[in-house]
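Chains as they are written, first to last, in my numbering: chain H, 266 to 444; chain R, 65 to 496; chain U, -10 to 304.
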Amino acid sequence: MVTRTVLDAADIDRAIVRISHEIVEANQGTSNLLLLGIPTRGVFLAKRIAQSIKKNYPDFDIETSVGKLDVTMFRDDLSTKPGREVTPTEIPVSNLENQTVVLVDDVLFSGRTIRAALDALVSYGRPKAVRLAVLVDRGHRELPIRADYVGKNLPTSSTERISVKLTESDDEQSVVIEQ
Amino acid sequence: MKKNHYILSNVKLSNGTSVDIEVQDELIKAVGQDLSGADVIDCSGLIALQGFVDLHTHLREPGYEQSETILTGSKAAAKGGFTAVHAMANTMPVADNAAVVEQVYALGKSAGYVQVQPIGAVTLGLNGSQLADLGKMNASQAKVTVFSDDGKCVSDSLVMRRALEYVKAFGGVIAQHAQDPALTVGAQMNEGGLSLRLGLTGWPGVAETAIIARDVLLAEEVGSRLHICHVSTRGSVDVIRWAKARGINVTAEVTPHHLLLTEELASDYNPIFKVNPPLRTQNDVLALREAVADGTIDIVATDHAPHPADSKDCEWGEAAFGMIGLETAASIVKTTLVDTGLIDWVRFEEVLSTNPARIGGLNDQGQAIQVGSLANIALIDPARKFKVETVSQSKSPNNPYLGMELSGEIVHTIYKGTFTVINSEIQILGAN
Amino acid sequence: MKHLLSINDLDKGSAISLLNLAVEMQQVNSREVKKLPALNGRTVANLFFEDSTRTKISFELAAKRLSADVINFTAKGSSVSKGESLKDTVQTIEAMGVEALIVRHHHSGAANTIANSTWSTSAVINAGDGTHEHPTQGLLDSLTIRQRLKGAVDKGDLAGVRVLIAGDILHSRVARSNLLLLRLLGAKVGIVGPATLVPDDARILADFIYFNFDEALADKFDVVMMLRMQRERMNSAFIPNETEYSTLWGLSESRFKALSSETLIMHPGPMNRGLEISSAAADSPQSAILDQVTNGVAVRMAVLYKLLAQETSLK
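Put into structure tokens, the structure is as follows:
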């Protein structure tokens, strides 16, 4: 198996900082922002983005702005890939009406996970807007889904595998393409 | 009319001696070495046994012909090495009068594969309270001497006493289906830990044993013959052993399935294994096998109980009770008793032929293989294996051994000198 | 095919996994939009040959919350009352195109028979067969106990929990499923009742057997689960009469008051107030009886999701 590192630890840190600035810029501030990470690594990324926002905007309240959105039960491939465990969804606000939800995931590929995320979100309420932030966009969309904030665009062949490692869950931090 | 005259060569008898047997017409003409003077049929590797006699068969005719007829049942019997069967009385109408038993007798005779001896009911319509036409049935052409309400128990003590007394006059015997109805209301399988887990109403062993205990004492009191059908528990075996030691004139039978199968088979709720009395525990199976060996149990009787497919293709609680067993009996008895070293072929012959013929009063059956005897012979290949298929002589498919490979196949059956089965194939009769 | 016929179809891991999935389903049930698309376009049939209101409604609700279409078949006034066999009923429903059969029947083993037969290719869920089992009841009871005693978000087993099941053990499918599942999850279970209804053979099913209710209660159990006493039992010489049963084995107000205030009171329903359980016990804050009903929907959603959406077998 041939591997090449496309993002090292420092690259990832910088990407997170940039994305956090872009989010605040597009939102014209930090109010009514709700970052929902898609388990597992999306959750870590959402936290990091929130921490980065907090560094520059101390009034930003992480407690009420970061959560998790489990999309397992809304997937369209449940019977073909049955092993997934359902994890809890945590949405720190009771009313989504005024919120701009930013979905956060590590890799955007076919787009089906995000479609499931939109379905999941809809059953909790009707947010003012929904945006998408991903660390890596590797192309090969099967549905008309696009990311608003991207760490790195990585054109790949469909036979390649992208492996994202973050220190919260792995022993290092990198994005690697395996062939 | 073609007459029978042939020699079975190089066959083993139950005592192990190798002989040739010459059959002419209906009789055994000679038994010796290197016989000649007729067509020789090579029987090397086979054991020649007295034709088997079943004291407990359900032929279902009249009334339940969709399950079996006297013809199909006779063929199944012949296939299993039987030359005589006793047809139980729970037909429709019930065999409680001379007309029905004579009808069964006549149909058996015209089928011609085995001697069909009708059993008469003990009570009218099996109602358990009024005696049936016991005397008239005995005096009829069917010459009934065995009476049974099998399917049901003669549970009223007074009726049972009267029946025992009444048949003394003509040497009859009451064959009791021991099952106290009050203790077995809605019973589905053996009562125990398994029935509790499966949620099936239990059939406690004491419901059988208590009736046997009562009946042996009644038989002693009255001085009459008693026969116990399908004994299924260790407790019942103990009571019968005690009764015989006391000199009580009681005989007992066990079915092939109760010598092999246990209640565990009910675990999947497959009604093929639903039977009355139910399959019990391995402890009971061992007690029954020892009892056949030590004489407490006198005979093996099949309780061949055919039912159509629909009666078993349903939930356990809806299914009929019963298994067929004529065609596999010899193999099961061989496997469970001879192969385990508990009995030899001489005892095998006693429990499947000599004793049932004696209990049933059939003089033409159970005769020793010797000069002058009627030629009723079952030739078994103890080493031959066969697969139990759905296609059988019986009309019904409720066979618990389906798909199993058994050993000990009946190769030829001879009834009154005529081959009813050749090379394990049933013959078409009437060519004579 | 994958079925849920008995608690024996589960192992410890899959049982806990089902309970945890049910907790997620509870979340769905507390939202405004109580819907998941997981079984969209799939059809589920409720085959109820025995009367039942709560279980049938519970399953129907569970299926609908997962977006499935539901067919309801009840025996009363149907072809079955005209003598149609189980085989024909099942084959007829199958021919209309269903993917799951939820079966309640008066014969033990009926769900097994359907699952093992050639009549159907659907997943079979046992909703109570004769006196055999009621697996989803066992699951919802275990979930209720875990949440009440160990907290709503606990994800583990029931080690260290002591449960007492009181009443007609012999005829109770709820008791059988509970005995199997509670012990699978590590709880210790005692049974108590009159000797005619608590057979000796039950020693293999439970950890403790009592015939004296007060003696059992004195041994301090964390949960007391009362079973419904069916009035027919009076006629079959199992017990002399209601008053005797109630006096000796009923959870009367005085017996209830003598329990610790932490003891959980449960009942699968429907209750005979005043016979096996007093209103004092049933309506107290210690009673988890209504929780049991609520949890029933979540548990049944979890089972349907696992069997039909994920199409996994449960072991």
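For every residue, glycine included, the Cβ atom is placed at its ideal position computed from N, Cα and C. Source: prediction; values computed, not measured.
Who are the Cβ neighbours of residue i in its own chain at under 6 Å, not counting the five residues just before and after it?
| i | result |
| --- | --- |
| residue 299(R) | 269 and 273 |
| residue 484(R) | 142, 177, 477 and 491 |
| residue 116(R) | 145, 146, 416, 417 and 442 |
| residue 103(R) | 70 |
So, at 8 Å on beta carbons, what are the nonlocal neighbours of residue i in its own chain, with the 5 sequence-adjacent residues on each side left out?
| i | result |
| --- | --- |
| residue 103(U) | 75, 79, 90, 92, 109 and 113 |
| residue 200(U) | 181, 182, 183, 184 and 187 |
Using only alpha-carbon positions, find the residue among the options that is nearest to residue i.
| i | options | result |
| --- | --- | --- |
| residue 431(H) | 291(H), 304(H) and 290(H) | 304(H) |
| residue 88(U) | 36(U), 50(U), 133(U) and 119(U) | 36(U) |
| residue 431(R) | 292(R), 388(R), 390(R) and 479(R) | 479(R) |
| residue 413(H) | 392(H), 397(H) and 310(H) | 397(H) |
| residue 377(R) | 105(U), 94(U), 24(U) and 39(U) | 105(U) |
| residue 419(R) | 318(R), 163(R) and 171(R) | 318(R) |
| residue 373(H) | 415(H), 390(H) and 389(H) | 415(H) |
| residue 141(U) | 184(U), 8(U), 155(U) and 201(U) | 8(U) |
| residue 312(R) | 131(R), 152(R) and 360(R) | 360(R) |
| residue 105(R) | 91(R), 123(R), 83(R) and 125(R) | 83(R) |
| residue 53(U) | 276(U), 219(U), 26(U) and 232(U) | 26(U) |
| residue 5(U) | 259(U), 263(U), 268(U) and 147(U) | 147(U) |
| residue 307(H) | 287(H), 367(H) and 409(H) | 367(H) |
| residue 436(R) | 91(R), 350(R) and 81(R) | 91(R) |
| residue 236(R) | 256(R), 257(R), 190(R) and 212(R) | 212(R) |
| residue 240(U) | 14(U), 272(U), 282(U) and 172(U) | 272(U) |
Is there a C-beta anywhere in chain U that falls below 8 Å from the one on residue i?
| i | result |
| --- | --- |
| residue 242(H) | No answer is possible for residue 242(H): it lies beyond the span of chain H, which begins at 266 and ends at 444. |
| residue 332(R) | yes |
| residue 354(H) | yes |
| residue 343(H) | yes |
| residue 247(R) | no |
| residue 267(R) | no |
Expressed to the nearest angstrom, what Euclidean distance is found between the alpha-carbon atoms of residue i and residue j?
| i | j | result |
| --- | --- | --- |
| residue 98(R) | residue 77(R) | 15 Å |
| residue 496(R) | residue -9(U) | Its pLDDT being 40, under 50, residue 496(R) is placed unreliably by the model, and the measurement read from it follows with that caveat. Cα to Cα, the separation comes out at about 59 Å. |
| residue 65(R) | residue 165(R) | Low confidence applies here, because residue 65(R) scores a pLDDT of 42, under 50, leaving its location unreliable and the question unanswered by this model. |
| residue 137(U) | residue 288(U) | 16 Å |
| residue 398(R) | residue 373(R) | 28 Å |
| residue 31(U) | residue 123(U) | 24 Å |
| residue 420(H) | residue 379(H) | 19 Å |
| residue 121(R) | residue 413(R) | 19 Å |
| residue 402(R) | residue 325(R) | 17 Å |
| residue 29(U) | residue 340(H) | 12 Å |
| residue 406(R) | residue 469(R) | 22 Å |
| residue 139(R) | residue 457(R) | 6 Å |
| residue 393(R) | residue 472(R) | 10 Å |
| residue 474(R) | residue 391(R) | 9 Å |
| residue 116(U) | residue 128(U) | 12 Å |
Strictly by DSSP, which residues pair up with residue i?
| i | result |
| --- | --- |
| residue 173(R) | Beta-bridge pairing links residue 173(R) to no other residue. |
| residue 114(R) | 441(R) |
| residue 59(U) | 33(U) |
| residue 299(H) | 366(H) |
| residue 82(R) | 76(R) |
| residue 306(U) | This structure does not reach residue 306(U), given that chain U is present from -10 up to 304, and the question cannot be answered. |
| residue 151(R) | 121(R) and 182(R) |
| residue 482(R) | 479(R) |
| residue 70(R) | 87(R) and 103(R) |
| residue 96(R) | 84(R) |
What residues in its chain sit with their C-beta under 7 Å from that of residue i, if we drop five residues either side in the sequence?
| i | result |
| --- | --- |
| residue 248(R) | 267 and 271 |
| residue 351(H) | 335, 337 and 338 |
| residue 364(H) | 297, 299, 358, 392 and 393 |
Counting only beta-carbon atoms, is residue i nearer than 8 Å to chain R?
| i | result |
| --- | --- |
| residue 256(U) | no |
| residue 74(U) | yes |
| residue 99(U) | yes |
| residue 165(U) | yes |
| residue 381(U) | Residue 381(U) is absent from the model: chain U starts at -10 and stops at 304. |
Indicate, with yes or no, if the ligand NAP has a heavy atom lying under 7 Å from the CB of residue i.
| i | result |
| --- | --- |
| residue 287(U) | The ligand NAP is not among the ligands present in this structure, which contains no ligands whatsoever. |
Would you verify that the beta carbon of residue i is, or is not, closer than 8 Å to some beta carbon of chain H?
| i | result |
| --- | --- |
| residue 20(U) | yes |
| residue 299(U) | yes |
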